[in-house]
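**Q**
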Amino acid sequence: MNNTPMDLNAVLFAQLDRLSNPNLKGGELEAEIQKAEAIEKISEQVIKNNNMRLNAAKLVAEYRGLKNADSVEIPQNLIG
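Now the structure itself:
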């Protein structure tokens, strides 16, 4: 895992697959739900952090007067 938005997307869809398992019952299902809630909370923070980093890059580009997208430095790991 390289910790890119695409990796996060894969983790979220894998969790959906696990939650959709019709064989999960009782304690196993409850454990998977708790795991999904933890993943959701962490994912939300990762997304907020990435949005902050992207907004900072936009601000730097605007401050420098960069109009060409090729000149803008995208924060590492934001492009998957």
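Counting from 41, one number per residue, gives the positions in the sequence shown under our numbering. Here a beta-carbon is modelled for each residue, glycine too, at the ideal position from N, C-alpha and C.
Return the CA-CA distance between Ser83 and Leu48, expressed in angstroms with no decimal places.
**A** Here residue 83 refers to the residue found at position 43 when the sequence shown is read from its first residue. Here residue 48 refers to the residue found at position 8 when the sequence shown is read from its first residue. Rounded to whole angstroms, Ser83 to Leu48 spans 7 Å at the Cα level.
**Q** Alpha carbon to alpha carbon, how far is Lys81 from Leu52?
**A** Along the sequence shown, read from residue 1 onward, the residue named residue 81 stands at position 41. Along the sequence shown, read from residue 1 onward, the residue named residue 52 stands at position 12. C-alpha separation (whole angstroms): 11 Å.
**Q** Have a look at Gly66 and Val86 and give me their C-alpha separation to the nearest angstrom.
**A** Locating residue 66 in the sequence shown gives position 26, counting from the first residue. Locating residue 86 in the sequence shown gives position 46, counting from the first residue. Approximately 30 Å between the Cα atoms of the pair.
**Q** I need the DSSP call for Asn42, collapsed to helix, strand or coil.
**A** Position 2 of the sequence shown holds residue 42. Three-state DSSP puts Asn42 in coil, outside helix and strand.
**Q** Tell me which same chain residues have a C-beta within less than 8 Å of the C-beta of Leu64, skipping the five on either side of it?
**A** Numbered from its first residue, the sequence shown carries residue 64 at position 24. For Leu64, where only same-chain residues beyond five positions count, the Cβ hits under 8 Å are Arg58, Glu72.
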